[in-house]
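S.K.:
There are 2 protein chains.
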Amino acid sequence: MAIGVTYPQGFQAGTAGCGIKAFTAGATAIPSGQRDDLAVLFSERPCDAGGVFTSNRVKAAPVIIDQLHLQQNRVQALVVNSGNANACTGAQGFRDALQMAKLTADRLELDPPQVLVSSTGVIGRFLPMTAVKTGIRLACDSLSARGGEAAAKAIMTTDTVPKTAELELEVGGVQVRVGGMCKGSGMIHPNLATMLAYVVTDAAVEPGWAAAAVKPIADRSFNQVTVDGDSSTNDSFLLLANGAAGNPPIAAGSAESKQLEEAVLEVARALARKIAQDGEGATKLITVRIAGAPDDQQARLAARSVASSSLVKTAIHGGDPNWGRIVCALGYSGSELAIDTLTVQVAGVTVFDKGAGVEADLDRVRRAFEQPEIEIHAALGMGEGKAEAWGCDLSEEYVHINADYTT
Amino acid sequence: MAIGVTYPQGFQAGTAGCGIKAFTAGATAIPSGQRDDLAVLFSERPCDAGGVFTSNRVKAAPVIIDQLHLQQNRVQALVVNSGNANACTGAQGFRDALQMAKLTADRLELDPPQVLVSSTGVIGRFLPMTAVKTGIRLACDSLSARGGEAAAKAIMTTDTVPKTAELELEVGGVQVRVGGMCKGSGMIHPNLATMLAYVVTDAAVEPGWAAAAVKPIADRSFNQVTVDGDSSTNDSFLLLANGAAGNPPIAAGSAESKQLEEAVLEVARALARKIAQDGEGATKLITVRIAGAPDDQQARLAARSVASSSLVKTAIHGGDPNWGRIVCALGYSGSELAIDTLTVQVAGVTVFDKGAGVEADLDRVRRAFEQPEIEIHAALGMGEGKAEAWGCDLSEEYVHINADYTT
Numbered sequence: 325m326a327i328g329v330t331y332p333q334g335f336q337a338g339t340a341g342c343g344i345k346a347f348t349a350g351a352t353a354i355p356s357g358q359r360d361d362l363a364v365l366f367s368e369r370p371c372d373a374g375g376v377f378t379s380n381r382v383k384a385a386p387v388i389i390d391q392l393h394l395q396q397n398r399v400q401a402l403v404v405n406s407g408n409a410n411a412c413t414g415a416q417g418f419r420d421a422l423q424m425a426k427l428t429a430d431r432l433e434l435d436p437p438q439v440l441v442s443s444t445g446v447i448g449r450f451l452p453m454t455a456v457k458t459g460i461r462l463a464c465d466s467l468s469a470r471g472g473e474a475a476a477k478a479i480m481t482t483d484t485v486p487k488t489a490e491l492e493l494e495v496g497g498v499q500v501r502v503g504g505m506c507k508g509s510g511m512i513h514p515n516l517a518t519m520l521a522y523v524v525t526d527a528a529v530e531p532g533w534a535a536a537a538v539k540p541i542a543d544r545s546f547n548q549v550t551v552d553g554d555s556s557t558n559d560s561f562l563l564l565a566n567g568a569a570g571n572p573p574i575a576a577g578s579a580e581s582k583q584l585e586e587a588v589l590e591v592a593r594a595l596a597r598k599i600a601q602d603g604e605g606a607t608k609l610i611t612v613r614i615a616g617a618p619d620d621q622q623a624r625l626a627a628r629s630v631a632s633s634s635l636v637k638t639a640i641h642g643g644d645p646n647w648g649r650i651v652c653a654l655g656y657s658g659s660e661l662a663i664d665t666l667t668v669q670v671a672g673v674t675v676f677d678k679g680a681g682v683e684a685d686l687d688r689v690r691r692a693f694e695q696p697e698i699e700i701h702a703a704l705g706m707g708e709g710k711a712e713a714w715g716c717d718l719s720e721e722y723v724h725i726n727a728d729y730t731t
Numbered sequence: 325m326a327i328g329v330t331y332p333q334g335f336q337a338g339t340a341g342c343g344i345k346a347f348t349a350g351a352t353a354i355p356s357g358q359r360d361d362l363a364v365l366f367s368e369r370p371c372d373a374g375g376v377f378t379s380n381r382v383k384a385a386p387v388i389i390d391q392l393h394l395q396q397n398r399v400q401a402l403v404v405n406s407g408n409a410n411a412c413t414g415a416q417g418f419r420d421a422l423q424m425a426k427l428t429a430d431r432l433e434l435d436p437p438q439v440l441v442s443s444t445g446v447i448g449r450f451l452p453m454t455a456v457k458t459g460i461r462l463a464c465d466s467l468s469a470r471g472g473e474a475a476a477k478a479i480m481t482t483d484t485v486p487k488t489a490e491l492e493l494e495v496g497g498v499q500v501r502v503g504g505m506c507k508g509s510g511m512i513h514p515n516l517a518t519m520l521a522y523v524v525t526d527a528a529v530e531p532g533w534a535a536a537a538v539k540p541i542a543d544r545s546f547n548q549v550t551v552d553g554d555s556s557t558n559d560s561f562l563l564l565a566n567g568a569a570g571n572p573p574i575a576a577g578s579a580e581s582k583q584l585e586e587a588v589l590e591v592a593r594a595l596a597r598k599i600a601q602d603g604e605g606a607t608k609l610i611t612v613r614i615a616g617a618p619d620d621q622q623a624r625l626a627a628r629s630v631a632s633s634s635l636v637k638t639a640i641h642g643g644d645p646n647w648g649r650i651v652c653a654l655g656y657s658g659s660e661l662a663i664d665t666l667t668v669q670v671a672g673v674t675v676f677d678k679g680a681g682v683e684a685d686l687d688r689v690r691r692a693f694e695q696p697e698i699e700i701h702a703a704l705g706m707g708e709g710k711a712e713a714w715g716c717d718l719s720e721e722y723v724h725i726n727a728d729y730t731t
């Protein structure tokens, strides 16, 4: 099935199960029933590529390597492993990340700088390179234009479902495809929940288009499911365009560019929502919409603050219409706020209006909180800024998952 | 027993149980077995007073009233209720907070601006003023120099134990006492955990001493048990000095002032640790010590970041020596950081040194994580800045408490 990252033309994915997590923990053989934990994505042509990475001052080795390789802008492949983050691994970590690029490049007859590398999993352990080498060989041997879903599965850690999205659009009379995959969970309070996201398109673009487009798209999608943008050591969002659709190359600023950016954003937002929905232990998706902020940036802060408030999350988990927690999360968001002009709706019911609570139908709110999807809407009444953010409820299960991650 | 806020001379406390939470939720009679939920603190002399309050843009009515009343600097009493925060209550909320000051002033023959007001509890509901009025009368009638512990109990919400601290010191040949009480829980991730703290002394000080001293003391104590300083609508820390000890008034900047500031800080730190220790569902106290930061301010950021990381907290709850989460919480703290010069110790065992993990005795670390108190120490190797922060582990119980707070 051509979905996710193999939906656009000219992309192939392959996967392998090589026991990276088990070997990291000291195993000497691949466990029986090993699921795939390594994926390779190959483009038949060199791509225009861009990436945004974690803002954490502690950056994992593959992040540094990718920043380096993107400077040449001839990317043609990607290798991703789960089970070991290759973070806080010193000089050995850099050698291992470079070696992953080189092993992949050798199998695919590319130069190492044409390969991007991502890793996710436990921090502070060296990659088991023998296993990784086997995995890269097997994954390269299994490359297929139908490999998108298997790749989305191979990059999972605590994710419970693979996450893919895709769409087709017409740009200047040519059919163009956009597809993506991501992994990310633990976003309930993502102090260290690695998010890896990849969106690829077969559109032809002018060199530099992807590097310019990737940040604004991240700000309106993946960064809105995290508390503070990018905080794990490994967070990466990569955007590749290989030109296989055969359209005239799209230049930044053109009408075609706007169309393509919107399409990439739509895929990115769909992926971001899937991350929120699959938060560790999550049972409900929370969508927060902000209108009337002084500007979009402040709207994003406000939306994220509500979507990531532990107290809002636990209230929603308990089906508790405690709207005071929403108002207060807005208050400490960093956005300008005047409670005199603030209106808050939960599931379409106004619960706070211009400085004070209103007599709302709390039973209706409570019933809404019990649904699998909850919408919270705040109108700040200060300007034209708007934004969305996504989160999930905080359940007891989250604690179970994270109390026992490496042991 | 003269402890807490009645340990210094010339202070009396009284309490009453008037069913504020029950009436707020619609009850028409005081529940049987009602615990105290209102406290009055009275000083026999006017105090030099200072306060620091929440940085939330949504400030509860009593916070605004206190900021106003502190301008006259003639404070002689304090009235605090639990069960209702009087936040997001519009103009009615201001009237009610002023009325609390006036009712207390009338009973104690003071002017209303001589009374400070605090509230904590559910947000967005009007105070049940009939109950509050009864409570203020009863509390004023029960004022006693032995009322400190009862007062600390009356201001509790989800706290499981009352929190008091006190010490005596000699300043310029005169015995001086410092005592305090606080409430605060839910500090595991305190998006909206109201902290109320009161430190009082019988030292005589020059007018303005308390207002100048209160902020630096808060920065090194109460602000180090919260993620982002002050984020609830009601957070307040008040410092009162009534001069009953009879020492020559202490001027800011003098050697005596330094002595007294250190004593107040010691009481404040003891109270702050008790808040962390009593985090909702907490089973362990985490102390994070940072050394070698570029300055104290960055050290405080780094210490708070580790102490408030959900993933560090859950790892510690699970007895899981996942030190990578500590390094990464340092990475996104906002402090300058270079992993090449970073060393991390957990319970005295070095687990990370200059860019990479070291072979540590993980069994020893794991055993340390299973103790009721855990110390994490990070040396950043960049300067002279140092700080401490306190937190607690994140347990399943936290979710239970917060999923069902107003229902």
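Chain order of the listed sequences is W and D.
Basically this note's numbering = 1-based index in the first sequence + 324.
Basically this note's numbering = 1-based index in the second sequence + 324.
From the three backbone atoms N, C-alpha and C, an ideal C-beta is built for every residue, glycine too.
Since we're looking at a predicted model, the values are computed, not measured.
If you measure from the CB of LEU609(W), is any heavy atom of the ligand ADP nearer than 7 Å?
M.R.: Looking at this structure, you won't find the ligand ADP or any other ligand, since it has none at all.
S.K.: Between GLY655(W) and VAL382(D), which are expected to be in contact by the criterion C-beta below 8 Å, what is the C-beta distance as a whole number of angstroms?
M.R.: Yes, they are in contact, since the Cβ atoms of GLY655(W) and VAL382(D) sit about 3 Å apart, within 8 Å.
S.K.: Quickly, what does DSSP pair GLY658(D) with across the bridge? List them, please.
M.R.: For GLY658(D), which the question treats as bridged, DSSP gives no partner whatsoever.
S.K.: Going along the chain, which unbroken runs of the beta strand (DSSP E) with 3 or more residues stay wholly within the segment 528-597 of chain W?
M.R.: As far as the segment 528-597 of chain W is concerned, its whole beta strand (DSSP E) runs of at least 3 residues are 560-565.
S.K.: Is it right to say THR484(W) is buried, meaning 16 or more other beta carbons lie within 10 angstroms of its own, or is it exposed?
M.R.: Answer is exposed; the Cβ neighbour count stays below 16.
S.K.: Identify, in the order they occur along the chain, each residue of the same chain with its Cβ nearer than 8 Å to the Cβ of GLU473(W), setting aside the five sequence neighbours on each side.
M.R.: Once the five neighbours on either side are set aside, the close Cβ partners of GLU473(W) are MET325, ILE327, GLY328, PRO486 and THR488.
S.K.: Using 8 Å as the limit for Cβ to Cβ distance, is ALA617(D) near chain W?
M.R.: It does not: the Cβ of ALA617(D) has no partner Cβ on chain W nearer than 8 Å.
S.K.: Could you tell me the alpha carbon to alpha carbon distance between PHE418(D) and ALA680(W), rounded to whole angstroms?
M.R.: The straight-line gap from Cα to Cα measures roughly 12 Å.
S.K.: Under 8 Å, Cβ to Cβ, is there at least one residue of chain B near GLY679(D)?
M.R.: No chain B is part of this structure, whose protein chains are labelled W and D.
S.K.: Given GLU697(W), which residues of its chain have a CB within under 6 Å of its CB, disregarding the five upstream and five downstream residues?
M.R.: So the qualifying residues of the chain are LEU609.
S.K.: If you count every other CB in all the chains shown that lies within 10 Å of the CB of LEU392(D), and 16 or more means buried, which is it?
M.R.: Classification of LEU392(D): exposed, given that the 10 Å Cβ count is below 16.
S.K.: For THR352(D), does the count of other Cβ atoms within 10 angstroms reach 16, so buried, or fall short, so exposed?
M.R.: Exposed.
S.K.: Apart from the five residues just before and just after GLY616(D), which ones in its own chain have a Cβ nearer than 6 Å to its Cβ?
M.R.: The residues are ALA703, LEU704, GLY705 and MET706.
S.K.: Which of the residues in the segment 636-648 of chain W, read from start to end, lie with their CB under 9 Å from any CB of chain D?
M.R.: Correct list: VAL636, LYS637, THR638, ALA639, ILE640, HIS641, GLY642, GLY643, ASP644, PRO645, ASN646, TRP647 and GLY648.
S.K.: Does VAL651(W) have its Cβ less than 8 Å from a Cβ in chain D?
M.R.: Yes, VAL651(W) lies at the interface with chain D (some Cβ there is under 8 Å from its Cβ).
S.K.: Under three-state DSSP, which class holds TYR729(D)?
M.R.: With a pLDDT of only 46 at TYR729(D), under the threshold of 50, the placement of this residue in the model should not be trusted, and no figure is reported.
S.K.: Does ASP465(D) pass the burial test, meaning 16 or more other C-beta atoms within 10 Å, or should it be called exposed?
M.R.: Classification for ASP465(D): exposed.
S.K.: If you reduce the DSSP assignment to three classes, tell me which class ILE512(D) lands in.
M.R.: Confidence is the limiting factor: at ILE512(D) the pLDDT is only 43, short of 50, which leaves the residue's position unreliable, though a coordinate-based value still follows. ILE512(D) falls in the coil class under three-state DSSP.
S.K.: Please report the distance separating the alpha-carbon of GLY648(D) from that of ALA711(D).
M.R.: C-alpha separation (whole angstroms): 21 Å.
S.K.: Hey, would you say GLN622(D) sits closer than 8 Å to SER581(D), going by beta carbons?
M.R.: Contact flag unset, no.
S.K.: Tell me the residue span of the alpha helix (DSSP H) that contains CYS464(D).
M.R.: Its alpha helix (DSSP H) spans residues 453-465.
S.K.: Do the CB positions of ALA569(W) and ALA600(W) come within less than 8 Å of each other?
M.R.: In this structure, ALA600(W) does not lie closer than 8 Å to ALA569(W) by Cβ.
S.K.: Keeping to the same chain, check which residues put their C-beta closer than 6 Å to that of ARG359(W); ignore five residues upstream and five downstream.
M.R.: These residues qualify, in order along the chain: GLY341.
S.K.: Which of helix, strand or coil does DSSP assign to GLY357(W)?
M.R.: It is coil, neither helix nor strand.
S.K.: For the segment 687-699 of chain D, list every residue whose C-beta sits within 9 Å of some C-beta in chain W, in sequence order.
M.R.: Cβ contacts with chain W: ARG690.
S.K.: List the whole-angstrom C-beta distance separating PHE377(D) from VAL387(D), where the pair is believed to meet the contact cut-off of C-beta under 8 Å.
M.R.: Sure, about 5 Å apart at Cβ, within 8 Å.
S.K.: So VAL502(D) and VAL612(D) are supposed to be a Cβ contact under 8 Å. How far apart are they, rounded?
M.R.: Rounded, the Cβ-Cβ distance is 25 Å, inconsistent with contact.
S.K.: Which class does CYS342(D) belong to by DSSP, given the choice of helix, strand or coil?
M.R.: The answer is coil: DSSP assigns CYS342(D) none of H, G, I, E or B.
S.K.: Is there at least one Cβ from chain D nearer than 8 Å to CYS342(W)'s Cβ?
M.R.: For CYS342(W), the answer is no, since every Cβ of chain D falls outside 8 Å of its Cβ.
S.K.: Per DSSP, what are the beta-bridge partners of HIS701(D) in this structure?
M.R.: DSSP, once it has assigned bridges, lists ARG613(D) and GLN669(D) as partnering HIS701(D).
S.K.: Considering only residues of the same chain and omitting the five flanking positions on each side of LEU440(D), which have a CB-CB separation below 7 Å?
M.R.: The residues are ASP390, HIS393, VAL399, LEU402 and LEU562.
S.K.: Counting only Cβ pairs nearer than 8 Å, list the residues of chain D close to LEU661(W).
M.R.: Correct list: ARG381 and VAL382.
S.K.: For the segment 533-540 of chain W and the segment 493-501 of chain W, state whether three or more C-beta atom pairs, one from each stretch, are separated by less than 8 Å.
M.R.: Contact fails: fewer than three Cβ-Cβ distances are below 8 Å.
S.K.: Can you give me, in chain order, the residues of the segment 408-436 of chain W that have a beta carbon less than 8 Å from any beta carbon in chain D?
M.R.: Correct list: ALA409, ALA411, CYS412, THR413, GLY414, ALA415, GLN416 and GLY417.
S.K.: Based on Cα-Cα distance, which residue from LEU493(W), ALA476(W), GLU490(W) and GLY497(W) lies nearest to MET519(W)?
M.R.: The option with the nearest alpha carbon to MET519(W) is ALA476(W).
S.K.: Grouping DSSP H, G and I as helix and E and B as strand, with all else coil, what is THR330(D)?
M.R.: THR330(D) falls in the helix class under three-state DSSP.
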